[in-house]
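Written out below as structure tokens is the structure these notes cover.
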Ligand code: C2E
Ligand code: MG
Ligand code: MG
């Protein structure tokens, strides 16, 4: 009996693996087609200066309008894109599209802020990201000082030296580098000194802790002081409530990003925000 169920388990297990391989294979095919057929899209979320209420920059976030599955978010496909290396051409498409759009906002609405683009570990390690960015900047005629790349903290788990060299080169070009999801994964206090970082983004899991009765909110104010000591800007991500806003303002967090101020929105709607931002501070209303 035991043997029988053992056999069954094996069969179910391999069936599951076969299914997974097939799903991945189909996803990979779909991603290749998506690049060809321009099914990807960027939406944008503003980052606000908490003191002045003005836009400091806009983060580009990737979406996939899949003809069969509808609107997909990065969580649905980014892993396969990374495993297959497709994140490199997809990532280049993202950088180019984001730079073009920022350039458009600049010429149409005199946008003064940054455009932030997420770069994954694979892109930094395996692709020639420095050359790709150089080419895109000269093609789109966007100033390097308007571009910021967001690198997730867990990128630095391995391959540290090589990755840092590339980051230093990007910094020399005048690009800003932001450490995304700070505090979420590995202890990064040592990295903070070694990395050419301009901005640190406090992970939303800490911002969530800013609620009456939670002790975790003290971590947020400690990260803010740490960054101030190191002369690094701080953006708190994932702000959803006015309690969180009040706390961050008191703690002198420089910048905020989250549904409380704006969800990620279309290029056109950001254009409207920028227009308004030039005339009056757009936040708080
Ligand atoms: P991230 O860079 O940390 O981006 C922030 C995520 O939090 C976004 O999810 C955003 O929509 C979401 N968010 C913003 N405000 C709030 C809020 O107030 N509450 C909550 N609960 N969530 C909020 P999204 O767009 O699904 O992206 C998820 C992740 O996928 C990103 O995390 C980033 O790591 C990755 N990603 C997105 N676009 C790209 C891309 O173009 N290239 C690469 N390599 N990765 C990307
Ligand atoms: Mg990000
Ligand atoms: Mg983040």
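In full-length UniProt numbering, the protein residues as written are 439 to 723. Positions of the beta carbon are idealized from the N, C-alpha and C atoms, including for glycine.
Under the rule that 16 or more other beta-carbon atoms within 10 Å means buried, what is residue i, buried or exposed?
i	result
residue 631	exposed
residue 484	buried
residue 496	buried
residue 439	For residue 439, the predicted structure reports a pLDDT of 46, less than 50, and the residue's modelled location is therefore unreliable. A value from the coordinates is still provided. Label assigned to residue 439: exposed.
residue 519	buried
residue 508	exposed
residue 683	buried
residue 452	exposed
residue 699	buried
residue 606	exposed
residue 586	buried
Check each candidate in the options and name the one with the smallest Cα separation from residue i.
i	options	result
residue 459	497, 493, 522, 501	522
residue 434	574, 643, 675	Any property of residue 434 remains undetermined from this structure, which presents the chain solely from 439 to 723.
residue 541	577, 452, 507, 564	577
residue 590	555, 683, 528, 490	555
residue 715	693, 548, 651, 610	548
residue 487	468, 692, 515, 580	692
residue 708	572, 498, 478	498
residue 623	670, 592, 536, 612	592
residue 480	667, 534, 678	534
residue 600	688, 567, 514, 506	567
Cα separation between residue i and residue j?
i	j	result
residue 557	residue 539	17 Å
residue 583	residue 454	48 Å
residue 634	residue 657	23 Å
residue 639	residue 511	21 Å
residue 744	residue 694	Outside the modelled stretch of the chain, which goes from 439 to 723, sits residue 744, for which no answer is possible.
residue 517	residue 465	10 Å
residue 476	residue 702	20 Å
residue 574	residue 560	19 Å
residue 663	residue 643	18 Å
residue 651	residue 697	22 Å
residue 504	residue 472	8 Å
From the DSSP output, which residues share a beta bridge with residue i?
i	result
residue 500	480
residue 545	Residue 545 pairs with nothing; no bridge assigned.
residue 590	618
Tell me the DSSP secondary structure of residue i in three-state form.
i	result
residue 494	strand
residue 617	strand
residue 694	strand
residue 649	coil
residue 670	coil
residue 569	helix
residue 641	coil
residue 458	helix
residue 711	helix
residue 552	strand
residue 585	strand
residue 577	helix
residue 430	Outside the modelled stretch of the chain, which goes from 439 to 723, sits residue 430, for which no answer is possible.
residue 468	helix
Does residue i have its Cβ less than 9 Å from a Cβ in chain D?
i	result
residue 635	Absence of chain D from the displayed structure is noted, only one protein chain being present.
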